[in-house]
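Visitor:
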Amino acid sequence: LVSGDLRRAMPRFQGEHLDANLRWLPAYRAIAAEAGCTPAQLAIAWLLHKAPHILPLPGTTQVAHLEENLAAADVSLPAQLIERLDALVNQHTVSGGRYPAANESEVDTETF
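The working numbering numbers the first residue of the sequence shown as 1 and each following residue consecutively.
(1) On the DSSP letters alone, give me the boundaries of the alpha helix (DSSP H) that H49 sits inside.
(2) Does the contact criterion of 3 or more C-beta pairs under 8 Å hold for the segment 31-45 versus the segment 76-89?
(3) Residues in its own chain within less than 6 Å of P100 by CB, not counting five upstream and five downstream?
(4) Helix or strand or just coil, what does DSSP make of G15?
(5) Between the alpha carbons of P56 and Q41, how many angstroms are there, rounded?
(6) Comparing alpha-carbon positions, which option in G97, E104, A102 lies nearest H17?
(7) Hey, would you say A20 sits closer than 8 Å to L88, going by beta carbons?
(8) Could you check which residue in E106, Q91, I31, S95 has the C-alpha nearest to that of S15?
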């Protein structure tokens, strides 16, 4: 992660948590390839398929990434891929907190 990247302060992107989370990355990338999309598009498409009231708000600083993110709306995920994603990436397989301890008390809606 580059200097100034917000994720550097998040526990899941530090030390042993990052190492643990990187272990499932090859399987995640394989699912993205199977779906015919990029890993970023897979994350967005997965959320879009979860429920009609979920609206991903991806951030980006590059037009190319914005275009890539928007193309996720065209990614079709069969139920079997969603099941594999749900089993691969969930509250039991992701290591480390989403926010630093100092910020946890300010956020009451998200634990994963």
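We put the beta carbon where it would ideally sit given N, CA and C, even for glycine.
Guide: This is what the structure gives:
(1) 39-50
(2) yes
(3) A9
(4) helix
(5) 11 Å
(6) G97
(7) no
(8) Per the sequence shown, the amino acid found at residue 15 is Gly instead of Ser. Checking every option, the nearest Cα to that of G15 belongs to S95.
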